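Trainee:
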Amino acid sequence: MIAAALCLGLLMPQFQSGDSMFAITGKGEDRRVSADRPSVSAADALRTLGTVMGWDVEFETVGLRENLANRPLALAFVDQDPRTIASLIAAAGNADVVFDDVSRAALLRPQANIVSLPSADTESGRNRLMKHSVDWYHTFLQEELSFEPLRKREGMRARMDLAKLLMDRGDYDTAAEQYLQVHKENRTHEYVPLALLKLSECFYEMGAQLQRRVDSKDAVIAEEARAEQGEFFDKSEKYARLVSERHAEKWESAKATVFLGKIMLAQQRYSECVNFMTANYLRLTGTPEIVDLYLITGQAEQARGNTQRVLDAMLTLEGALDEFRGMTREQMLDYLFMRADALQRLGHHEEAVFTVHEFFGLGPGDGRRGAAFVIMGRAYLALGQVLEAWSAALEAHSLRPIMDRNWAREEGRFYAKAALEVGDRDEAFERLELEVRDRPESEPELVLYLVDAFVAQGRFEKAVITAALLVDYEDEWGDQARMKTVEAMWKQADAANQMAGFPRKALPYALRIKDKSKQEAVSELFGKAYERMGLIDLAAKAYRGILQ
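Residue numbers (the numbering used here): 3 to 550.
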């Protein structure tokens with residue numbers, strides 16, 4: 003198509019360029035090129051364009067240069083990107099152009115390498131072909147084209163194809179512009195429902211790309227990214243709802259419904275997601291999208307901690323697979339992962355191990371592989387298969403860098419438990435301490451787990467030191483850390499038969515506890531301490547919640 007457009011002169015000129023083959027307008031990167039020549043060889047056109055643009059033109063082989071020299075072209079276009087034109091001229095002669103702007107930077111002259119056509123069998127070839135396709139669609143859709151009937155007739159389809167290419171390249175921002183233009187040009191066009199759905203997907207992907215910044219240790223960066231991500235997700239939801247509300251009779255509406263659930267998941271609106279999915283069960287029954295509806299429901303219930311409901315959703319999905327005509331590989335991986343996790347948490351350990359093995363067989367490169375090893379290892383521990391559990395712990399730990407924050411915490415706890423089971427206590431405690439010391443505020447559950455582990459091993463001083471990572475936090479985690487500090491001090495005093503020193507050491511922590519039930523628990527410890535010391539009046543006050 004590209005070669006034909008040049009050779010047949012479909013890009014009609016709007017001026018006569020005189021004796022010059024090319025006319026250049028603009029400056030720097032904004033330069034545009036125009037031409038009106040009825041007959042010129044592709045080789046001469048490339049060399050001349052290189053001269054006026056300041057490029058060094060090099061041909062890959064003599065044979066390629068001669069082939070282009072024998073290829074006549076009609077140049078007829080106005081205000082086009084010069085590099086796109088170079089690619090179009092080369093394509094008309096069954097060749098391609100690769101620009102080298104880096105290696106010759108010191109000479110300040112880009113090099114235009116005229117090479118053989120790209121092959122779809124190689125990554126570089128596919129990238130070049132995709133770039134040429136994008137350039138062609140941009141050229142075709144320009145308003146300046148004189149061949150207006152063709153653009154009007156095929157413009158919508160070309161714009162949709164261009165947007166898809168841009169999405170495939172990961173250029174979601176530019177793709178969104180194209181899909182939005184489809185919606186603006188003609189809101190009654192048959193492509194509009196799909197354009198709105200894809201527009202929603204573009205904004206979702208732009209928000210998802212910010213997740214690494216959202217998880218940044220830098221609070222300022224994380225907060226800015228979170229706000230920007232929220233805006234993208236809000237736009238994604240807006241256009242998905244437009245599909246459901248304005249085009250309810252179209253097939254895109256069902257896809258938009260499940261995509262809305264995906265957006266709610268990303269924004270951690272779990273209860274709303276479950277309610278929304280439940281409300282659409284009947285409407286989506288019998289459609290392919292019902293599979294995603296069950297999977298999204300399961301993911302939301304998993305995030306809410308409703309393990310039995312997760313398993314119920316997976317069992318319902320499993321029982322209806324014949325009706326839904328099976329699942330895609332990605333859907334099956336989601337199903338197996340959630341099923342294995344729910345089975346293990348509910349105590350069905352042997353079935354959980356079997357399901358994890360199915361998951362591994364289907365998705366050897368899945369990003370949840372580390373989490374799956376945690377699930378399998380916990381099941382092995384529950385079954386008393388310690389060596390198998392330790393093997394799974396080692397595999398999970400090697401994959402920790404690709405786990406999300408929640409599963410990384412799960413991995414830390416599981417590794418420590420497995421290490422304790424195989425008798426490597428020092429290794430277990432050392433790893434847990436390393437996990438919590440740098441960012442205790444990000445993993446408070448792990449800090450408190452380590453405190454309990456130290457207490458269970460009779461290492462009370464280490465328990466107090468570890469709890470100190472949280473005792474100054476004025477929240478529930480801080481309250482728990484203060485209570486566990488008091489408990490560790492009491493057990494230490496009890497074990498050493500030195501209860502006289504307990505009240506003085508523990509009182510500052512006890513007085514800062516805010517939760518009433520925790521206040522009552524530590525007051526009872528003080529009462530026992532005073533009672534052992536023979537201080538009956540102080541013991542009675544302590545039992546009533548008055549600490550001195």
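We treat Cβ as the ideally placed atom computed from N, Cα and C, and that holds for glycine.
It should be emphasised that the depicted structure is a prediction, and the values quoted were computed from it without experimental measurement.
At what residues does the beta strand (DSSP E) containing Ile515 begin and finish?
Mentor: What you label residue 515 is simply residue 513 of the sequence shown in a count that begins at 1. That residue, Ile515, is in no beta strand (DSSP E); it is neither H nor E in DSSP.
Trainee: Grab me the residues of Ala420's own chain with a C-beta within less than 7 Å of its C-beta, minus the 5 sequence neighbours each way, in chain order.
Mentor: By 1-based counting over the sequence shown, the position of residue 420 is 418. Correct list, in chain order: Gly379, Leu383, Ala391, Trp392 and Ala395.
Trainee: Compare the C-alpha of Met316 against each of Leu284, Thr357 and Glu226 and name the closest.
Mentor: The count along the sequence shown starts at 1 and reaches residue 316 at position 314. Ranking the options by Cα distance to Met316, first place goes to Thr357.
Trainee: Whose C-alpha, out of Lys518, Arg514, Ser519 and Lys507, is nearest the C-alpha of Ala531?
Mentor: The residue given as residue 531 occupies position 529 in the sequence shown. Closest by alpha carbon: Lys507.
Trainee: Run the CB neighbour count on Asn72, radius 10 Å, all protein chains shown included, and call it buried at 16 or more, exposed below.
Mentor: Taking the sequence shown and counting its residues from 1, one reaches residue 72 at position 70. Result: exposed.
Trainee: Do the segment 271-280 and the segment 235-251 make contact, defined as three or more Cβ pairs closer than 8 Å?
Mentor: No: the two stretches stay apart, fewer than three of their Cβ pairs being nearer than 8 Å.
Trainee: Might you give, ordered along the chain, the residues of its own chain that have their beta carbon closer than 8 Å to the beta carbon of Gly20, omitting 5 neighbours on each side?
Mentor: Within the sequence shown, residue 20 is the residue found at index 18, counting from 1. The predicted model places Gly20 with a pLDDT of 40, which falls under 50 and marks its position as unreliable; any figure quoted below should be read in that light. Closer than 8 Å at the Cβ level, and outside the excluded window around Gly20, lies no residue.
Trainee: Once you ignore the five residues that flank Ala92 on each side, which residues in its own chain have a CB closer than 8 Å to its CB?
Mentor: On the sequence shown, position 90 is the one that residue 92 refers to. Contacts found: Ala44, Leu48, Leu70, Asp98, Val99 and Ile116.
Trainee: Given a threshold of 16 other Cβ atoms within 10 Å of its Cβ, counted over all protein chains shown, does His399 qualify as buried or as exposed?
Mentor: Residue mapping note: residue 399 aligns to position 397 of the sequence shown, counting from 1. His399 comes out buried.
Trainee: Quick one: is Lys264 buried, meaning 16 or more other Cβ sit within 10 Å of its Cβ, or exposed?
Mentor: For this step, residue 264 is matched to residue 262 along the sequence shown. Its Cβ being crowded by 16 or more others within 10 Å, Lys264 is buried.
Trainee: Spell out a yes or no on whether the segment 206-216 and the segment 181-194 are touching, meaning 3 or more CB-CB pairs, one atom from each, closer than 8 Å.
Mentor: As far as the Cβ criterion goes, the segment 206-216 does not touch the segment 181-194, which means the pair count is below three.
Trainee: By Cβ distance, which residues of its chain are closer than 8 Å to Val388, with the 5 residues on each side in sequence left out?
Mentor: Locating residue 388 in the sequence shown gives position 386, where the first residue counts as 1. Answer for Val388: Tyr382, Ala420, Glu423 and Val424, listed in chain order.
Trainee: Count the other CB atoms within 10 Å of the CB of Phe101; is the residue buried (16 or more) or exposed (fewer)?
Mentor: Against the sequence shown, residue 101 aligns to sequence position 99. Exposed is the call here.
Trainee: Output the distance between the C-alpha atoms of Ala497 and Glu533, rounded to the nearest integer angstrom.
Mentor: Residue numbering aside, residue 497 sits at position 495 when the sequence shown is read from its first letter. Residue numbering aside, residue 533 sits at position 531 when the sequence shown is read from its first letter. C-alpha separation (whole angstroms): 16 Å.
Trainee: Out of Lys29, Arg161 and Leu286, state which residue places its alpha-carbon closest to the alpha-carbon of Asn188.
Mentor: On the sequence shown, residue 188 is found 186 positions in, with the first residue counted as 1. Measuring from the Cα of Asn188, the nearest candidate turns out to be Arg161.
Trainee: Contact check, Asp38 vs Leu90 under 8 Å by CB: the rounded distance?
Mentor: In the sequence shown, the residue the question calls residue 38 occupies position 36. In the sequence shown, the residue the question calls residue 90 occupies position 88. About 15 Å separates the two Cβ atoms, so there is no contact after all.
Trainee: Work out the CA separation of Ala302 and Leu147 for me, nearest whole Å.
Mentor: Counting from one through the sequence shown, the residue named residue 147 turns up at place 145. Counting from one through the sequence shown, the residue named residue 302 turns up at place 300. Since pLDDT at Leu147 reaches only 43, below the 50 mark, its modelled position is unreliable, and the value read off the structure follows with that caveat. Cα-Cα distance, rounded: 50 Å.
Trainee: Figure out for me which residue from Arg306, Asp46 and Gly52 has the closest Cα to the Cα of Asn600.
Mentor: Nothing can be reported for residue 600: it is not among the residues displayed for the chain, which extend from 3 to 550.
Trainee: Does the distance from the CB of Trp479 to the CB of Pro446 come in under 8 Å?
Mentor: Translated into the one-based positions of the sequence shown, residue 479 becomes position 477. Translated into the one-based positions of the sequence shown, residue 446 becomes position 444. Yes, the Cβ-Cβ distance between Trp479 and Pro446 is below 8 Å.
Trainee: Please say whether Leu286 and Leu244 have beta carbons closer to each other than 8 Å?
Mentor: Indexing the sequence shown from 1 puts residue 244 at position 242. Indexing the sequence shown from 1 puts residue 286 at position 284. No; because the gap between Cβ atoms is not below 8 Å, this pair is not in contact.
Trainee: I'd like to check one pair, Gly372 with Glu413: are the Cβ atoms closer than 8 Å?
Mentor: Working through the sequence shown from its first residue, we reach residue 413 at position 411. Working through the sequence shown from its first residue, we reach residue 372 at position 370. Their beta carbons are under 8 Å apart, which means Glu413 touches Gly372 by this criterion.
Trainee: Between Phe24 and Val42, is the Cβ-Cβ spacing less than 8 Å?
Mentor: Within the sequence shown, numbered from 1, the residue matching residue 24 stands at position 22. Within the sequence shown, numbered from 1, the residue matching residue 42 stands at position 40. It is not a contact, given that the beta carbons lie outside the stated cut-off.
Trainee: With 16 as the cutoff for other CB atoms within 10 Å, does Arg411 come out buried or exposed?
Mentor: Along the sequence shown, one-based indexing puts residue 411 at 409. By the 10 Å Cβ count, Arg411 comes out buried.
Trainee: Can you tell me where the beta strand (DSSP E) holding Ile116 begins and where it ends?
Mentor: For the purposes of this step, residue 116 is taken as residue 114 along the sequence shown, with counting starting at 1. Looking at the DSSP string, the run of the beta strand (DSSP E) that includes Ile116 is Gln113 to Ser118.
Trainee: What are the partner residues of Thr289, as DSSP defines its beta bridges?
Mentor: Working through the sequence shown from its first residue, we reach residue 289 at position 287. Its beta-bridge partners do not exist; DSSP assigns none.
Trainee: Identify which residue in Pro403, Ile404, Pro366 and Glu353 has its Cα closest to the Cα of Leu385.
Mentor: Looking up residue 385 in the sequence shown gives position 383. Cα-wise, what sits closest to Leu385 is Glu353.
Trainee: According to DSSP, is Leu48 helix, strand or coil?
Mentor: The residue given as residue 48 occupies position 46 in the sequence shown. If DSSP states are grouped into helix, strand and coil, Leu48 belongs with the helices.
Trainee: With a threshold of 8 Å on Cβ separation, who are the neighbours of Gln183 within its own chain once the five nearest residues in sequence on each side are excluded?
Mentor: Taking the first residue of the sequence shown as position 1, residue 183 is located at position 181. The answer, listed in chain order, is Arg161.
Trainee: I need the boundaries of the alpha helix (DSSP H) containing Arg371, first residue and last residue.
Mentor: In the sequence shown, residue 371 corresponds to position 369, counting from 1. Here the alpha helix (DSSP H) through Arg371 covers Arg371 to Ala384.
Trainee: Given a threshold of 16 other Cβ atoms within 10 Å of its Cβ, counted over all protein chains shown, does Tyr181 qualify as buried or as exposed?
Mentor: Translated into positions along the sequence shown, residue 181 becomes position 179. The residue is buried, with at least 16 neighbouring Cβ atoms inside 10 Å.
Trainee: Just reading off the alpha helix (DSSP H) that Arg215 is part of, what are its end residues?
Mentor: Counting from 1 along the sequence shown, the entry for residue 215 is found at position 213. Gln213 to Val216 is the span of the alpha helix (DSSP H), which, as asked, contains Arg215.
Trainee: Can you name, in chain order, every residue of its own chain whose Cβ lies under 7 Å from the Cβ of Ser238, other than the five neighbours on each side?
Mentor: Translated into the one-based positions of the sequence shown, residue 238 becomes position 236. The residues are Ser202, Phe205, Tyr206, Gly209 and Ile265.
Trainee: For Gly536, which of helix, strand or coil comes out of DSSP?
Mentor: Translated into the one-based positions of the sequence shown, residue 536 becomes position 534. In this structure, Gly536 counts as coil in the three-state DSSP scheme.
Trainee: At 3 residues or longer, what runs of the beta strand (DSSP E) sit wholly inside the segment 264-289?
Mentor: None, since the segment 264-289 contains no complete beta strand (DSSP E) of that length.
Trainee: Return the CA-CA distance between Gln304 and Ala229, expressed in angstroms with no decimal places.
Mentor: As a first step, residue 304 is located in the sequence shown; it is residue number 302 there, counting from the start. As a first step, residue 229 is located in the sequence shown; it is residue number 227 there, counting from the start. Going from the Cα of Gln304 to the Cα of Ala229 covers about 25 Å.
Trainee: Inspect the beta-carbon positions of Met401 and Pro442 and report whether they are closer than 8 Å.
Mentor: On the sequence shown, residue 401 is found 399 positions in, with the first residue counted as 1. On the sequence shown, residue 442 is found 440 positions in, with the first residue counted as 1. Reading off the sequence shown, one finds Leu at residue 401, where the question assumed Met. No.
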